[in-house]
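In the numbering used here, the protein residues as written are 380 to 489.
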């Protein structure tokens, strides 16, 4: 019988698992306010990098930026709903544009 414990966690796999669970949770409960999904995803990505940093592993600029953008866009979407603003923000399109731009700039720096 083997009694050794795994001491290193695969933070990426855990974060993606929590990401999909959270996505399923927000899809199941449509009564949640708009923006909660973005805020939750942002917190998951930021937490992933905090865990990496605390264990001495390198952080990912991509997931940090993705997390910050998700937090920002989720917050904007939530505030639009809570403050009853009249304009509509194309949050998904903005997120896709920002991620594409980041990917192109990073590829050009290499």
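Note that the Cβ used here is the ideal one computed from N, Cα and C, for glycine as well.
- Residue 414 sits in coil when the DSSP states are folded into three classes, being neither helix nor strand.
- Per DSSP, residue 455 is one residue of the alpha helix (DSSP H) stretching across 440-461.
- Here the alpha carbon of residue 436 sits roughly 15 Å from the alpha carbon of residue 424.
- Residue 400 sits in a helix when the DSSP states are folded into three classes.
- Under the three-pair Cβ rule at 8 Å, the stretch 402-414 does not count as touching the stretch 439-449.
- From the listed residues 434, 415, 459, the smallest Cα separation to residue 389 is found for 434.
- Taking 8 Å as the upper bound for CB-CB distance, residue 479 and residue 449 are not in contact here, some 15 Å apart.
- Within the same chain, Cβ atoms closer than 6 Å to the Cβ of residue 401 are found at 419, the five residues on either side in sequence being excluded.
- The three-state secondary structure of residue 471, taken from DSSP, is helix.
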